Every structure is written in structure tokens, then in C-alpha cells.
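Peer 1:
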Amino acid sequence: MERVNYPTLHQLFIFITVVEQRSFSKAADVLYLSQPSVSMQVQKLEDTLRGVSLFEQTGRKFSLTDAGEELYRYARQILNQMDEAMLVIEELQGMERGRLRIAADTTAGVYIVPAILGEFKRRYPQIKISLQVVNRSSVQDQLFSHQADLAVMGHTLETPELTALHLRSNKLVVIADPEHRLAGRKDIPVEELSKETFIVRESGSGTRASTEKIFSQHGVGMQIVMELSNNGAIKQAVAAGIGVAVISSATLELELASGKLVTLDVQGFPVERQWYLVHLERKRLSPPSRAFLELALSMRG
1 MERVNYPTLH QLFIFITVVE QRSFSKAADV LYLSQPSVSM QVQKLEDTLR
51 GVSLFEQTGR KFSLTDAGEE LYRYARQILN QMDEAMLVIE ELQGMERGRL
101 RIAADTTAGV YIVPAILGEF KRRYPQIKIS LQVVNRSSVQ DQLFSHQADL
151 AVMGHTLETP ELTALHLRSN KLVVIADPEH RLAGRKDIPV EELSKETFIV
201 RESGSGTRAS TEKIFSQHGV GMQIVMELSN NGAIKQAVAA GIGVAVISSA
251 TLELELASGK LVTLDVQGFP VERQWYLVHL ERKRLSPPSR AFLELALSMR
301 G
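Reminder that position 273 of the sequence shown reads as 273 in full-length UniProt numbering, one-by-one numbering, no gaps.
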């Protein structure tokens, strides 16, 4: 019997990620690899398939060839079945061992999830835990690419593919430095606030999306002076007097207590949003995932 040189699961996983991210560079970011490494693995996959091209390039865009379309369909089935096999094995082992992969948006990952994970680890010390803290769009990518079992995030896609369970409220407030001209004023109109310079999160952030929606509903825009990728940097910039910001109140306990920052009394604020515990609707949850879900819901208060 002739020995067949099959693609590796690693190669198939990288190929699937490139297809689903629609970009080699985005796939590299999601996989925490360099773009040349991703390209090399795809090239090795094509070599394994006897030189069949999986992608065709048109300018700066690429699309799947017919062979690529077929491979993607089968590769996704293979990876899904491997996921199922791992879950079955974990169920046979119960909570004696296993893994828990959580993805969380930037705010929840720093201020909400660690307390839950601390209690989870105390109860189940043998479970290996992975927590990826990324922005909202990347959280969703990790769920759909099966890199995370569960996610904690402040906004979800309205799709039957996801199950979202309410975890706790998330109040968005406007912050400024204590010497700001609006500090201490009452009932500030949003139109007045819009004259200020704003420090905002990067595109893809749930807080950024919520902030833009609020101002759009009032028919005004924001004068953005700076984009920053984490809440700590935003708070430092606001304290330095660079501008104002909309941020989750969950991030402000120390700064408000010390007087480093103040919240502004703006009409319509605080805006109440929600944090959700999210998983794929059809994904079979492992015992560690089910245990974390039950614990998180019991701690929501």
C-alpha cells in the first residue's frame, strides 16, 4: 500500500484561519504568528497536495480556487470532528483534568473575568486555563474559529449561531480631569459635550461602537484627538487633560476614589449596557466550560 503524505492538522488549522479571516496578516495576528510563517505553512500545505494552488491573487485581493473551496469544506469538518473528539475524551476524564479557553473583551478581561477565574481555579486546580484579552471583533473571531470555548463581551452579533447569557450590567460614563471646564456642572447636554476633544478606543472595540452610536442618536459627532487600545492608557490621557472619554464605570474605582478623575453629569448618562457570557449555539461544551458557565452565572449577583 502506497504511503500517503497527508496535510497536518496544524497546516489545516492555519489554512482555515486564513480563509475565515480573509487575510494572511489578520490570520497571523489571530494565531500569534508572523505573516511569513503563515504563508510558509500554506505553501507547505500546497506542496503536500502535489502543488495544487489553494488561492488565486487578483491585485491585492485573493480568493479560493475550486480546490481551495473543496479543501476548506473538508478541513472544517475534520477540525470540528477533532474538537468533538477532544470533548468526548475530556468528558470521560470529568473534572480530573482538561482545559478551559476563555476570550474576553479588553474591559471584561481585566475587570470582570479574573475574579471568576480565581474562584474557578480554587475549585478546580487541575484544569488548565487560557485567557485571551482582545477587542470585541477579535473575541468573536476566536469563538467562530474554535480557539475559545466561551467568551465574555459587552456586545454580541445578533445571530442564531451564538448563545448569549446576561452576566452583569456595564455602565458607560463620561470622564474628565478634575480641572476640566465641565467638571461639577449639572445636566450637561450631549451637544455641549460634543465640543470637547475625545480620547477613544480603537475601531473594533465595543466601547467605541457604543460611544459612536450614542452620539449618532443625538445627531452630533465627536472630535477625536487620540485613539488608544486599552483603558489604562485612556485614563492616563484624560487625567493629563488631553481630552474626555466614555468608559466603563467598572474600570474607575481607584481613579474616582483618589480624585484623579471625575465623571461628568451628562444628559442620558450613564448609559447602561450589558456584559454577556457567549458560546457557539451548536458547540458541545466540555465539563470545564459548563462548570465555568455555571460558576459565572452564580456570581453575577
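Backbone N, C-alpha and C define an ideal beta-carbon position, used for all residues, glycine too.
Please read these numbers as outputs of a predicted model, since none were measured by experiment.
Which same chain residues, not among the five before or five after G243, have their C-beta less than 8 Å away from its C-beta?
Peer 2: E196, T197, F198, I199, V225, M226, A237.
Peer 1: In whole angstroms, give me the CA-to-CA distance for H166 and R282.
Peer 2: So the two alpha carbons sit approximately 19 Å from each other.
Peer 1: Give me the residue from V134, R22, E253, P287 with the minimum Cα distance to S63.
Peer 2: Comparing Cα positions, the closest option is R22.
Peer 1: With a threshold of 16 other CB atoms inside 10 Å of the CB of Q140, please say whether the residue is buried or exposed.
Peer 2: Classification of Q140: buried, given that the 10 Å Cβ count is 16 or more.
Peer 1: What are the partner residues of S169, as DSSP defines its beta bridges?
Peer 2: In the DSSP output, where bridge partners are listed per residue, S169 has Q274.
Peer 1: Of the choices L193, S145, S229, G109, whose alpha-carbon is the least far from that of R181?
Peer 2: Measuring from the Cα of R181, the nearest candidate turns out to be L193.
Peer 1: Give every residue of the same chain whose Cβ lies closer than 6 Å to the Cβ of K128, excluding the five residues on either side of it in the sequence, and list them in chain order.
Peer 2: Only R99 meet the Cβ criterion.
Peer 1: R284: which of R201, E161, G204 sits nearest, CA to CA?
Peer 2: Considering only alpha carbons, the answer is E161.
Peer 1: How many angstroms separate the CA atom of M40 from the CA atom of H279?
Peer 2: Cα to Cα, the separation comes out at about 32 Å.
Peer 1: If we count Cβ pairs, one from each stretch, closer than 8 Å, do we get three or more for the stretch 246-256 versus the stretch 183-190?
Peer 2: No, they do not touch.
Peer 1: Does the contact criterion of 3 or more C-beta pairs under 8 Å hold for the stretch 288-301 versus the stretch 199-217?
Peer 2: Segments in contact, no.
Peer 1: Assuming E56 is part of the beta strand (DSSP E), what are its boundary residues?
Peer 2: Looking at the DSSP string, the run of the beta strand (DSSP E) that includes E56 is 55-58.
Peer 1: In this structure, does DSSP put I214 in helix, strand or coil?
Peer 2: I214 falls in the helix class under three-state DSSP.
Peer 1: Please go through the same chain and pick out, in chain order, the residues whose beta-carbon is closer than 8 Å to the beta-carbon of L267, but skip the five residues on each side of it.
Peer 2: The sequence shown places Gln at residue 267, not Leu. D187, I188, P189, V190.
Peer 1: My guess is that E272 and K171 are in contact by the Cβ rule of under 8 Å, so how many angstroms apart are they, rounded?
Peer 2: E272 to K171, Cβ: 6 Å. Contact.
Peer 1: What do you get for M105, buried or exposed, if any count of 16 or more other CB atoms within 10 angstroms of its CB means buried?
Peer 2: Before going on, a small fix: residue 105 reads as Asp here, not Met. So D105 ends up on the buried side.
Peer 1: What's the call for P178, buried or exposed, on a 16-neighbour Cβ count within 10 Å?
Peer 2: It counts as exposed.
Peer 1: Here's the rule: buried if 16 or more other CB atoms are within 10 angstroms of the residue's CB, otherwise exposed. What is K61?
Peer 2: Flag for K61 reads exposed.
Peer 1: Quick check for students: name the residue ranges of the alpha helix (DSSP H) that lie wholly in the stretch 85-165, counting only runs of 4 or more.
Peer 2: DSSP runs (the alpha helix (DSSP H)) wholly in the stretch 85-165: 106-111, 113-123, 136-144.
Peer 1: In chain order, which continuous runs of the beta strand (DSSP E) of length 3 or greater are located wholly inside the stretch 222-256?
Peer 2: Qualifying beta strand (DSSP E) stretches, in chain order: 223-228, 245-248.
Peer 1: My parser needs the beta strand (DSSP E) runs of 3 or more residues fully inside the UniProt domain "HTH lysR-type" (7-65); what are they?
Peer 2: Within the UniProt domain "HTH lysR-type" (7-65), the complete beta strand (DSSP E) runs of at least 3 residues are 55-58, 61-64.
Peer 1: Quick check: what's the CA-CA separation for L49 versus N80?
Peer 2: Those two C-alpha atoms are separated by around 21 Å.
Peer 1: Relative to the C-alpha of Q43, which residue among L12, P125, L117, V30 is closest?
Peer 2: That would be L12, whose Cα lies nearest to the Cα of Q43.
Peer 1: Using C-beta distances below 7 Å, list every residue in its chain close to N5, excluding the 5 sequence neighbours before and after it, in chain order.
Peer 2: T48, listed in sequence order.
Peer 1: Please go through the same chain and pick out, in chain order, the residues whose beta-carbon is closer than 6 Å to the beta-carbon of S138, but skip the five residues on each side of it.
Peer 2: Here the set comprises nothing.
Peer 1: With 16 other CB atoms within 10 Å as the buried threshold, where does L143 fall?
Peer 2: Result: buried.
Peer 1: What residues in its chain sit with their C-beta under 8 Å from that of T159, if we drop five residues either side in the sequence?
Peer 2: For T159, where only same-chain residues beyond five positions count, there are no Cβ hits under 8 Å.
Peer 1: With 16 other CB atoms within 10 Å as the buried threshold, where does I89 fall?
Peer 2: Burial call: exposed.
Peer 1: Excluding five sequence neighbours on each side, which residues of the same chain lie with their C-beta closer than 7 Å to the C-beta of M1?
Peer 2: Any answer about M1 is weak, because its pLDDT of 47 lies below 50 and its placement is not dependable; what the coordinates show is given next. So no residue of the chain qualifies.
Peer 1: Relative to the C-alpha of V133, which candidate in T17, A103, M86 has its C-alpha closest?
Peer 2: Among T17, A103, M86, the Cα nearest to that of V133 is on A103.
Peer 1: Considering Cα atoms alone, identify which of V246, S289, W275, P287 is closest to F269.
Peer 2: Ranking V246, S289, W275, P287 by Cα distance to F269 puts V246 first.
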